[in-house]
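Asker:
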Amino acid sequence: MAKNTIKLLDVVALTVDVPEYNLWRGQVGTVVELLADGAAFEVEFSDRNGRTYESVGLHPDQIMVLYFEPASPDRKPEMITA
48 MAKNTIKLLD VVALTVDVPE YNLWRGQVGT VVELLADGAA FEVEFSDRNG RTYESVGLHP
108 DQIMVLYFEP ASPDRKPEMI TA
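Count along the sequence shown from 1, then add 47; that gives the number in the numbering used here.
#1: How is E116 classed by DSSP in three states: helix, strand or coil?
#2: Here's the rule: buried if 16 or more other CB atoms are within 10 angstroms of the residue's CB, otherwise exposed. What is P107?
#3: Straight-line CA distance for S150 to E101?
#4: Taking the alpha-carbon positions, what's the V63 to G73 distance?
#5: Do L81 and L55 have their CB atoms nearer than 8 Å?
#6: Determine the DSSP secondary structure at G97, reduced to helix, strand or coil.
#7: Please report how far the alpha carbon of G76 lies from the alpha carbon of T128, in whole angstroms.
As structure tokens, this is what we get:
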């Protein structure tokens with residue numbers, strides 16, 4: 048993932064487990080701080096009531112940005128299989 052694709056306040060999901068913080072792949076958080084000139088990000092994880100239960104620094108390869116609208120009007124959906 049390119050450094051400049053993740054921005055402050057982006058909603059992201061973990062792409063890996065981080066068991067030392069009791070965080071698991073797929074959990075959703077918000078980027079609240081850019082660290083090391085965008086080489087890492089402070090991500091805050093909150094419950095349904097908005098209470099933060101964890102805030103941790105993560106590398107770009109540990110998270111992915113979630114999009115709530117089409118990322119690009121030219122992009123065609125594709126099926127990804129494991």
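Just so you know, even glycine gets a beta-carbon here, dropped at the ideal spot from N, CA and C.
Answerer: Looking at the coordinates:
#1: Position 69 of the sequence shown, counted from the start, is the residue given in the question as residue 116. E116 falls in the coil class under three-state DSSP.
#2: Here residue 107 refers to the residue found at position 60 of the sequence shown. Looking at its Cβ environment, which holds 16 or more other Cβ atoms inside 10 Å, P107 is buried.
#3: The shown model of the chain, from 48 to 129, leaves out residue 150, and the question about it has no answer.
#4: Counting from 1 along the sequence shown, the entry for residue 63 is found at position 16. Counting from 1 along the sequence shown, the entry for residue 73 is found at position 26. Their backbone Cα atoms lie some 8 Å apart in a straight line.
#5: Counting from 1 along the sequence shown, the entry for residue 81 is found at position 34. Counting from 1 along the sequence shown, the entry for residue 55 is found at position 8. Cβ atoms of L81 and L55: closer than 8 Å.
#6: For the purposes of this step, residue 97 is taken as residue 50 along the sequence shown, with counting starting at 1. For G97, the three-state secondary structure derived from DSSP is coil.
#7: In the sequence shown, counting from the first residue as 1, residue 76 sits at position 29. In the sequence shown, counting from the first residue as 1, residue 128 sits at position 81. So the alpha carbons of these two residues sit roughly 25 Å apart.
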